[in-house]
Each structure stands twice: as structure tokens, then as C-alpha cells.
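J.: Per mature numbering (1 follows the signal peptide of the UniProt record, and there is no 0): the sequence shown = residues -25 to -1, 1 to 76.
Here it is: the structure, laid out below.
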Amino acid sequence: MKATSLIASLLVAASLSTASVTVQAEDNPQKTVEPSNINTRDLKVGDRAPDILVRKESALGDWKKRGLKPPHDDSQWARINDRYVLVKITNGTILDITPAK
């Protein structure tokens, strides 16, 4: 008799656990495109730059070709929309903003 009640309670527990997973699953996940939260019109010298501009991948290696002044120590040029932004890598401070030509 103990084996029967043990099996019955295990079946009840198993059915409850699968029911909760089924309820939580979403039928049609919605795909959305989020707009960029980087608005260059709001950026000014002294502001903290968005993290993406501080990353090594965003650095412009050909700043001379683009007519930009040499970056300071621990800083890099990055392009965002129609502007070049000189960003201090250590703290993300914007040191200079120049329109892209």
C-alpha cells in the first residue's frame, strides 16, 4: 500500500511541475527592434560617453586621414552618426566633438 501511495504522489508532483512549465511558456514571442539610445544631439564636451564609444572596437585608427588631431593619452576617436567624438578611455569623458566631413 505504501508503494501505491508513493507512486500516486510522484505522479501528482510530476503533473503539477509540467503544468506550471506549460503555463509559463509564451506561445508567440514578440520580436521588437529597440531604437538606439545614443542621441548625439544631447552629447557635449564633459559628458560621459555611451559605453560603446569607449570600447576598443569603436576606435578610429585612421584619425589622421580624417583630419582629426592626435588623441591624448588614454583616449580614442570614435564616430557616432555625423560626428567624431574624442573619448577618454579610463572614465568615458567626452573631450572633444567634431563634425564628420
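Glycine residues also receive a C-beta, built at the ideal position from the N, C-alpha and C atoms.
If you draw a straight line from the C-alpha of T(-22) to the C-alpha of L(-16), how long is it?
T.: C-alpha separation (whole angstroms): 10 Å.
J.: Which residues in the same chain have their Cβ closer than 7 Å to the Cβ of A53, if we skip the five residues on either side of it in sequence?
T.: Once the five neighbours on either side are set aside, the close Cβ partners of A53 are L28, S33, A34, L35, V60, V62.
J.: Mark L(-20) as exposed unless 16 or more other C-beta atoms lie within 10 angstroms of its C-beta, in which case mark it buried.
T.: Exposed: under 16 other Cβ atoms inside 10 Å.
J.: Relative to the C-alpha of D17, which residue among L43, S50, I55, H47 is closest?
T.: That would be I55, whose Cα lies nearest to the Cα of D17.
J.: Mind reading off the beta-carbon distance from W38 to P46? Whole number of angstroms is fine, and I expect it under 8 Å.
T.: Right, the Cβ-Cβ distance comes to about 7 Å (below 8 Å), so this counts as a contact.
J.: Taking only the alpha-carbon atoms, compute the straight-line gap between R58 and N3 and give it to the nearest angstrom.
T.: One C-alpha to the other measures close to 40 Å.
J.: Which partner residues of D71 appear in the DSSP bridge assignment?
T.: In the DSSP output, where bridge partners are listed per residue, D71 has L61.
J.: Assign A34 to one of three DSSP states: helix, strand, or coil.
T.: A34: strand per DSSP, three-state reduction.
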